[in-house]
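Novice:
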Amino acid sequence: MASCILTIALDTPLTSCFDYRWQHGPEAPPRVGQLAQVPFGRRDVVGLIVGVGQHTDVPADKLKDALAVRGQLAPLSPQWLALVAFAADYYQRPLGEVALPGLPKNLRVLTTVALDRAIQKLAKADFGHDATPRDMPELNPAQQEAADAIGGALGFTPLLLYGVTGSGKTEVYLQACAQVLARDAGAQILVLVPEINLTPQLEGNIRARFPGVMLATLHSSLSEGERMLHWLGAHEGRARIILGTRLAILASLPNLKLIVIDEEHDPSYKQQEGLRYSARDLAVWRARQLGIPIVLGSATPSLESWHHAGSGRYRKLELRERAVRDAVLPRVKLLDMEKDRPKDGLTAALVAALRQRLERGEQSLLFLNRRGYAPVICCEACGWISNCTRCTSFMVLHKPEHRLRCHHCSLELRIPRACPDCGNVDLQPLGRGTQRVEEGLQALFPEARILRIDADSTRRKGSAQEAFDSVHRGEVDILIGTQMVAKGHDFKKLTLVGILNPDTALFSQDYRASERLFAQLMQVAGRAGRAARAEGGSVSEVLVQSRYVAHPLYSAVVSHDYDRFATSLLEERRQAALPPYLYQALLRAEAPELALAIEFLENARDCIGHEGITVNDPIPMTMTRVHNVDRAQLLVECPSRPALQAFLKEWLAAIRQMKSRVKWSLEVDPLDI
Numbered sequence: 001m002a003s004c005i006l007t008i009a010l011d012t013p014l015t016s017c018f019d020y021r022w023q024h025g026p027e028a029p030p031r032v033g034q035l036a037q038v039p040f041g042r043r044d045v046v047g048l049i050v051g052v053g054q055h056t057d058v059p060a061d062k063l064k065d066a067l068a069v070r071g072q073l074a075p076l077s078p079q080w081l082a083l084v085a086f087a088a089d090y091y092q093r094p095l096g097e098v099a100l101p102g103l104p105k106n107l108r109v110l111t112t113v114a115l116d117r118a119i120q121k122l123a124k125a126d127f128g129h130d131a132t133p134r135d136m137p138e139l140n141p142a143q144q145e146a147a148d149a150i151g152g153a154l155g156f157t158p159l160l161l162y163g164v165t166g167s168g169k170t171e172v173y174l175q176a177c178a179q180v181l182a183r184d185a186g187a188q189i190l191v192l193v194p195e196i197n198l199t200p201q202l203e204g205n206i207r208a209r210f211p212g213v214m215l216a217t218l219h220s221s222l223s224e225g226e227r228m229l230h231w232l233g234a235h236e237g238r239a240r241i242i243l244g245t246r247l248a249i250l251a252s253l254p255n256l257k258l259i260v261i262d263e264e265h266d267p268s269y270k271q272q273e274g275l276r277y278s279a280r281d282l283a284v285w286r287a288r289q290l291g292i293p294i295v296l297g298s299a300t301p302s303l304e305s306w307h308h309a310g311s312g313r314y315r316k317l318e319l320r321e322r323a324v325r326d327a328v329l330p331r332v333k334l335l336d337m338e339k340d341r342p343k344d345g346l347t348a349a350l351v352a353a354l355r356q357r358l359e360r361g362e363q364s365l366l367f368l369n370r371r372g373y374a375p376v377i378c379c380e381a382c383g384w385i386s387n388c389t390r391c392t393s394f395m396v397l398h399k400p401e402h403r404l405r406c407h408h409c410s411l412e413l414r415i416p417r418a419c420p421d422c423g424n425v426d427l428q429p430l431g432r433g434t435q436r437v438e439e440g441l442q443a444l445f446p447e448a449r450i451l452r453i454d455a456d457s458t459r460r461k462g463s464a465q466e467a468f469d470s471v472h473r474g475e476v477d478i479l480i481g482t483q484m485v486a487k488g489h490d491f492k493k494l495t496l497v498g499i500l501n502p503d504t505a506l507f508s509q510d511y512r513a514s515e516r517l518f519a520q521l522m523q524v525a526g527r528a529g530r531a532a533r534a535e536g537g538s539v540s541e542v543l544v545q546s547r548y549v550a551h552p553l554y555s556a557v558v559s560h561d562y563d564r565f566a567t568s569l570l571e572e573r574r575q576a577a578l579p580p581y582l583y584q585a586l587l588r589a590e591a592p593e594l595a596l597a598i599e600f601l602e603n604a605r606d607c608i609g610h611e612g613i614t615v616n617d618p619i620p621m622t623m624t625r626v627h628n629v630d631r632a633q634l635l636v637e638c639p640s641r642p643a644l645q646a647f648l649k650e651w652l653a654a655i656r657q658m659k660s661r662v663k664w665s666l667e668v669d670p671l672d673i
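Position 238 of the sequence shown, counted from 1, bears residue number 238 in UniProt numbering, the numbering being contiguous throughout.
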């Protein structure tokens with residue numbers, strides 16, 4: 001019986017791959033890109049075959065046999081293997097830790113029989129093969145120019161679609177997709193959105209437009225069985241359009257011809273645990289690898305993309321007007337809280353505007369990016385406040401549930417009947433969250449239909465979509481929400497947006513805070529006035545409550561002037577030597593005591609030389625303690641990306657040789673510092 005050596009990548013923190021013997025008889029040996037079941041320690045696991053040969057350095061008595069090869073699946077393509085190899089190399093992670101989690105869990109845990117059943121189920125499904133689009137609305141000239149530029153692009157073409165909110169970017173995507181599908185009978189298109197709650201509306205639009213095309217969706221709220229079926233449809237080339245969140249960038253797509261990234265500026269495209277990759281950046285690399293166009297769409301592009309467009313690396317397409325005729329951008333007005341003192345969190349001007357919309361039968365949205373009832377409760381007698389015992393954070397009051405809850409470690413406690421320190425029974429909430437605003441509005445407008453949408457009110461699967469559907473049906477008068485409601489939703493009857501408590505971001509130590517605040521304000525402001533104004537209807541308004549109405553950021557929001565704001569911010573970044581003019585990596589350490597984490601980082605800083613690389617001193621993280629673990633960080637900077645990458649490889653090899661029980665991780669291109 002003939003045999004060969006399989007080199008297999010496994011999902012482990014170890015940087016090396018592993019060799020196994022495979023006895024294959026007269027049939028052909030396995031191929032690179034197939035999955036194999038192998039013994040590893042005391043377990044049997046599934047790994048990815050990355051090499052097939054005849055020789056190994058493993059002694060014969062130590063060489064184990066592979067148990068099975070999943071031959072019923074077509075091998076993962078060389079292009080996909082190159083993608084995960086690049087991601088592993090760039091983000092400094094083992095290949096197996098990138099490749100295996102990018103596959104559906106069921107591919108790794110199902111028996112061969114169960115996997116065969118899933119493949120047969122997909123084969124029996126009739127998804128149709130007609131890519132003819134339905135109900136193609138007429139585009140305005142700017143939209144048509146953008147759609148033709150995208151649909152007709154050949155080769156690697158990065159396109160920044162910069163369009164104001166409500167300018168019809170989605171319709172441009174759909175009509176560009178129609179051109180690509182018509183030109184190539186087997187073409188696949190990948191559409192990425194930043195958040196799961198944005199998928200149902202876009203999925204409905206795609207299904208209505210392309211009823212004869214198989215659409216696969218890939219995001220974390222799918223069951224494992226659903227995710228595997230959709231992944232298989234994409235892997236086999238049957239799914240022509242693939243819609244998903246950031247994890248979809250690692251899907252196997254053998255005939256990918258176009259990538260669309262909606263809301264490309266959104267930080268949700270950056271994974272914040274495990275493999276800390278940027279789906280947007282990997283998408284650009286994948287488009288370059290395959291020689292295909294990629295569209296990055298946003299009303300407030302990231303400064304990195306804006307910089308690339310300004311330097312000529314990206315082609316900029318502009319949509320300066322709203323797509324619906326007679327629909328105009330809302331009027332933004334600043335409400336000075338020093339002059340118009342708020343009562344129960346709302347100024348008199350905002351209350352009057354809400355009342356006017358109720359009388360007209362129009363919808364209003366109040367945006368507050370803070371869930372819960374109040375950020376903290378306190379004792380006015382002795383000064384006690386509801387600190388979390390496990391984190392450097394407050395316990396947030398959730399009044400309907402009669403709980404104090406930490407939003408970082410999920411610790412929950414009953415609301416104390418009296419102050420734990422002095423026994424005072426008069427404990428007071430400080431500040432406002434969405435629950436408290438909802439309570440105040442119900443008292444102010446008892447006749448109004450009020451709905452709150454945040455992470456607490458939409459925990460049940462499908463509840464978020466049910467809530468949004470009720471808004472679209474006109475069953476809600478006043479909507480209160482966090483960032484979940486800020487982008488992507490097209491509320492036809494909504495004419496007023498009130499923005500509460502945005503000032504805290506103005507004083508953040510994070511240099512990206514102003515960029516994020518501006519994007520957030522413009523996105524939520526864009527929910528107003530998206531439909532044509534009815535005769536006698538209200539002028540769409542955005543009312544921003546602030547104590548700092550003279551701040552330049554608010555002036556740019558009032559004038560809807562992203563161009564000026566982004567240009568000035570880029571100049572500040574250039575002068576301060578910050579991204580995108582500099583490249584960064586962040587080494588984090590976690591330990592039972594802060595001193596141990598700092599000591600580890602100091603040793604790491606000094607373990608090799610770093611000429612041309614700036615290695616800053618270690619400091620505690622902003623949120624220093626989480627779940628009884630202290631955290632510190634060390635920032636590495638360099639004006640050259642290749643030089644930084646070369647240093648990181650040598651540096652990590654030295655760090656791995658250090659004897660320490662401290663848990664550590666490295667993030668390349670960090671967003672939160």
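The beta carbon of each residue, even a glycine, is placed where N, CA and C say it ideally should be.
Quantities reported herein were computed from a predicted structural model and do not represent experimental measurements.
With H, G and I counted as helix, E and B as strand and the rest as coil, what does DSSP make of Ser-514?
Specialist: Residue numbering aside, residue 514 sits at position 514 when the sequence shown is read from its first letter. Of the three classes helix, strand and coil, the one that applies to Ser-514 here is helix, per DSSP.
Novice: Mapping the DSSP letters down to three states, classify Met-214 as helix, strand or coil.
Specialist: Numbered from 1 along the sequence shown, position 214 holds the residue referred to as residue 214. Three-state result, Met-214: coil.
Novice: Can you pull the DSSP bridge partners for His-398?
Specialist: Locating residue 398 in the sequence shown gives position 398, where the first residue counts as 1. DSSP lists Arg-403 as partners of His-398.
Novice: Can you confirm whether the region 326-338 touches the region 191-207 when touching is taken to mean that 3 or more C-beta pairs between the two stretches lie within less than 8 angstroms?
Specialist: no
Novice: Please report how far the alpha carbon of Gln-72 lies from the alpha carbon of Leu-587, in whole angstroms.
Specialist: As a working mapping, residue 72 is identified with position 72 in the sequence shown. As a working mapping, residue 587 is identified with position 587 in the sequence shown. Looking at the two C-alpha atoms, the distance is approximately 42 angstroms.
Novice: When you measure from the CB of Gln-92 to every non-hydrogen atom of the ligand GTP, does any distance come out below 8 angstroms?
Specialist: What this structure holds is no ligand at all, so the ligand GTP is not there to describe.
Novice: Assign Leu-103 to one of two classes, buried (16 or more other C-beta atoms within 10 Å of its C-beta) or exposed (fewer than that).
Specialist: Working through the sequence shown from its first residue, we reach residue 103 at position 103. Buried is the call here.
Novice: If we count the other Cβ atoms within 10 Å of its Cβ and call it buried at 16 or more, is His-627 buried or exposed?
Specialist: In the sequence shown, residue 627 corresponds to position 627, counting from 1. Exposed, by the Cβ-count rule.
Novice: May I have the straight-line CA-CA distance separating residue 688 from Glu-224, to the nearest angstrom?
Specialist: Lying outside 1 to 673, the shown extent of the chain, residue 688 is not represented and no answer is given.
Novice: Quick check on Leu-250: does DSSP put it in helix, strand or coil?
Specialist: Taking the sequence shown and counting its residues from 1, the one referred to as residue 250 is at position 250. Correct three-state label for Leu-250: helix.
Novice: On the criterion of 16 or more Cβ atoms from any shown chain inside 10 Å, does Phe-507 qualify as buried, or is it exposed?
Specialist: Stepping through the sequence shown from its first residue, residue 507 is reached at position 507. Burial call: exposed.
Novice: Are the beta-carbon atoms belonging to Gly-297 and Gly-204 less than 9 angstroms from one another?
Specialist: Working through the sequence shown from its first residue, we reach residue 297 at position 297. Working through the sequence shown from its first residue, we reach residue 204 at position 204. No, they are not a contact pair.
Novice: Near Leu-596, which residues of its chain fall below 7 angstroms by C-beta distance, leaving aside the five closest residues on each side in sequence?
Specialist: Here residue 596 refers to the residue found at position 596 when the sequence shown is read from its first residue. Result list for Leu-596: Val-662, in chain order.
Novice: Give every residue of the same chain whose Cβ lies closer than 6 angstroms to the Cβ of residue 760, excluding the five residues on either side of it in the sequence, and list them in chain order.
Specialist: The structure shown has nothing for residue 760, since the chain only spans 1 to 673.
Novice: Can you tell me whether Ser-311 is buried or exposed, with buried defined as 16 or more other CB within 10 angstroms of its CB?
Specialist: Here residue 311 is taken as the residue at index 311 of the sequence shown, counted from 1. By the 10 Å Cβ count, Ser-311 comes out exposed.
Novice: Based on the DSSP output, what are the partners of Ala-68 in its beta bridges?
Specialist: Mapped onto the sequence shown, residue 68 falls at position 68. In the DSSP output, where bridge partners are listed per residue, Ala-68 has Gln-37.
Novice: For Met-395, count the other beta carbons within 10 Å of its own beta carbon; 16 or more makes it buried, fewer makes it exposed. Which is it?
Specialist: Taking the sequence shown and counting its residues from 1, the one referred to as residue 395 is at position 395. Label assigned to Met-395: buried.
Novice: Using the Cβ count rule (16 or more neighbours within 10 Å means buried), how would you classify Glu-264?
Specialist: The residue labelled residue 264 in the question sits at position 264 within the sequence shown. Glu-264 comes out buried.
Novice: Over the uninterrupted alpha helix (DSSP H) stretch that includes Met-228, give me the two end residues.
Specialist: Along the sequence shown, one-based indexing puts residue 228 at 228. Run containing Met-228: 224-235, per the alpha helix (DSSP H) assignment.
Novice: Please report the distance separating the alpha-carbon of Leu-192 from that of Gly-383.
Specialist: In the sequence shown, residue 192 corresponds to position 192, counting from 1. In the sequence shown, residue 383 corresponds to position 383, counting from 1. Taking the straight line from one Cα to the other gives about 48 angstroms.
Novice: At which residues does the beta strand (DSSP E) containing Gln-633 begin and terminate?
Specialist: Counted from its first residue, the sequence shown places residue 633 at position 633. 629-638 is the extent of the beta strand (DSSP E) around Gln-633.
Novice: Count the other C-beta atoms from every protein chain shown that fall within 10 angstroms of the C-beta of Ala-187, then say buried if there are 16 or more, exposed otherwise.
Specialist: Residue numbering aside, residue 187 sits at position 187 when the sequence shown is read from its first letter. With 16 or more Cβ atoms within 10 Å of its Cβ, Ala-187 is classed as buried.
Novice: Counting only runs that start and end within the region 438-489, where is the alpha helix (DSSP H) found for 4 or more residues in a row?
Specialist: Fully enclosed alpha helix (DSSP H) runs of 4 or longer: 463-472.
Novice: Return the bridge partner residues of Asp-262 from the DSSP annotation.
Specialist: Within the sequence shown, numbered from 1, the residue matching residue 262 stands at position 262. Note: Asp-262 sits in a beta bridge opposite Gly-297.
Novice: Using a threshold of 9 angstroms, state whether the C-beta atoms of Arg-31 and Val-46 are closer than that.
Specialist: For the purposes of this step, residue 31 is identified with residue 31 of the sequence shown, where counting begins at 1. For the purposes of this step, residue 46 is identified with residue 46 of the sequence shown, where counting begins at 1. Not a contact, by the Cβ cut-off of 9 angstroms.
Novice: To which residues of the same chain is Pro-502 closer than 7 angstroms at the C-beta, ignoring the five residues directly before and after it?
Specialist: If you number the sequence shown from 1, residue 502 lands on position 502. Excluding positions up to five away in sequence, the list reads Leu-517, Leu-521, Val-544, Ser-546.
Novice: Quick check on the burial criterion: 16 or more other C-beta atoms within 10 angstroms. Buried or exposed for Ile-8?
Specialist: Position 8 of the sequence shown, counted from the start, is the residue given in the question as residue 8. It counts as buried.
Novice: Give, in chain order, every unbroken run of the alpha helix (DSSP H) that is at least 4 residues long and sits entirely within the region 286-349.
Specialist: 303-311
Novice: Taking buried to mean at least 16 other C-beta atoms within 10 Å of its own C-beta, is Val-425 buried or exposed?
Specialist: The residue given as residue 425 occupies position 425 in the sequence shown. That one is exposed.
Novice: Below 8 angstroms on the Cβ atoms is my guess for residue 717 versus Cys-379; work out the distance and round it to an integer in Å.
Specialist: What the structure shows of the chain is the stretch from 1 to 673, and residue 717 is not part of that stretch, so it cannot be assessed.
Novice: Since Thr-504 is in the beta strand (DSSP E), which residue starts that stretch and which ends it?
Specialist: Within the sequence shown, numbered from 1, the residue matching residue 504 stands at position 504. No beta strand (DSSP E) contains Thr-504, which DSSP labels as neither H nor E.
Novice: Taking the continuous beta strand (DSSP E) assigned at Phe-18, which residues delimit it?
Specialist: Here residue 18 refers to the residue found at position 18 when the sequence shown is read from its first residue. Segment 18-23, the beta strand (DSSP E) holding Phe-18.
Novice: Below 9 angstroms between beta carbons: does that hold for Val-172 and Gln-143?
Specialist: Within the sequence shown, the letter at position 172 stands for residue 172. Within the sequence shown, the letter at position 143 stands for residue 143. Result yes, Cβ atoms of Val-172 and Gln-143 sit closer than 9 angstroms.
Novice: Is it right to say Leu-95 is buried, meaning 16 or more other beta carbons lie within 10 angstroms of its own, or is it exposed?
Specialist: Numbered from its first residue, the sequence shown carries residue 95 at position 95. It is buried - the Cβ of Leu-95 has at least 16 other Cβ atoms within 10 Å.
Novice: CA-CA distance, Leu-35 and Gly-431?
Specialist: What you label residue 35 is simply residue 35 of the sequence shown in a count that begins at 1. What you label residue 431 is simply residue 431 of the sequence shown in a count that begins at 1. Rounded to the nearest angstrom, the two C-alpha atoms are 54 angstroms apart.
Novice: Between the region 338-356 and the region 562-569, are three or more C-beta pairs nearer than 8 angstroms?
Specialist: no
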